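All remarks here apply to the structure that follows.
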Amino acid sequence: MMLNPQVDVVVGESQVLVKCDQSLVDPLRGAVAELASHLDYVQPKRKLMDRMRFEAAQRALLSRLFPPVSVFGPTAQEFDARWGDTLRQELLGAAQRVLASLGDDGTIRYQLAAIDDWIRVLGQTRLLWVQRSEAGDLASEDARLRSAGLFTWLQTELLVALRPELGAATTG
56 MMLNPQVDVV VGESQVLVKC DQSLVDPLRG AVAELASHLD YVQPKRKLMD RMRFEAAQRA
116 LLSRLFPPVS VFGPTAQEFD ARWGDTLRQE LLGAAQRVLA SLGDDGTIRY QLAAIDDWIR
176 VLGQTRLLWV QRSEAGDLAS EDARLRSAGL FTWLQTELLV ALRPELGAAT TG
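The opening position of the sequence shown corresponds to residue 56 in this note's numbering, with each subsequent residue numbered one higher.
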């Protein structure tokens with residue numbers, strides 16, 4: 056159980072440098088890769104039952120990632136038809152860039168102007184395990200809540216490093 060992960064975030068003029076515990080690299084990489092696989096419609100060949108399970112999981116995740124924009128069905132369908140693929144492709148691209156930036160030693164170098172990729176991907180990846188309204192819990196016995204908690208925690212660490220005034224709102 057991971058109760059106290061460590062991360063150092065340094066924000067420079069044009070770059071953000073993050074140093075994570077080595078123990079965070081595989082969970083980060085694995086979960087972001089899983090998110091990307093659910094966003095990418097070009098899938099490897101699978102047996103029928105595996106494909107059906109994956110497609111059911113994919114539909115459930117996509118409905119959490121991109122909930123309907125309106126309770127009025129035709130409006131929601133029109134929005135999805137017009138913007139759905141673009142939104143999914145933008146998130147897939149961000150996930151791929153995040154994966155490419157994560158070094159094997161836990162070092163992340165990212166352009167400050169594009170750090171929203173990391174913030175968005177961390178927030179969306181936690182939806183692999185929980186609903187949008189849940190943050191997760193690093194101290195939980197439940198692996199799903201613990202995983203979601205890790206992504207929420209890391210997202211918060213990045214946000215507070217980028218905007219220190221937000222730290223006062225979360226700590227007191």
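Glycine is no exception: its CB is placed at the ideal position from the N, C-alpha and C atoms. If you're wondering where the values come from, they're calculated on a predicted model, not measured in any experiment.
Residues near residue i in its chain [Cβ-Cβ closer than 7 Å; skip 5 each side]
| i | result |
| --- | --- |
| E89 | L183 |
| T207 | R181, A190, G191 |
| A149 | D172, R175, V176 |
Length of the line joining the Cα atoms of residue i and residue j
| i | j | result |
| --- | --- | --- |
| F127 | D159 | 46 Å |
| L214 | I174 | 8 Å |
| R137 | A131 | 10 Å |
| L217 | V71 | 9 Å |
| S169 | Q144 | Checking the displayed sequence, the identity of residue 169 turns out to be Ala instead of Ser. Cα-Cα distance, rounded: 16 Å. |
| L209 | S92 | 21 Å |
| R199 | V185 | 7 Å |
| L193 | I163 | 22 Å |
| G67 | D172 | 17 Å |
| E220 | Q179 | 23 Å |
| V10 | Q113 | Coverage of the chain is limited to positions 56 through 227, which leaves residue 10 absent and any answer about it impossible. |
| M107 | Y96 | 14 Å |
| L36 | G85 | The chain is shown from 56 up to 227; residue 36 falls before or after that span and cannot be answered. |
Counterpart residues of residue i in DSSP-defined beta bridges
| i | result |
| --- | --- |
| D63 | K74 |
Reduced DSSP category for residue i - H, G, I as helix; E, B as strand; rest coil
| i | result |
| --- | --- |
| R101 | coil |
| R218 | coil |
| E212 | helix |
| D197 | coil |
| S69 | coil |
Own chain, CB closer than 6 Å to residue i, minus 5 neighbours either side, in chain order
| i | result |
| --- | --- |
| C234 | With the chain represented from 56 up to 227, any question about residue 234 goes unanswered, as that position is not in the structure. |
Fill in: Contained beta strand (DSSP E) runs [length at least 3] in the segment 118-189, N- to C-terminal order
162-166
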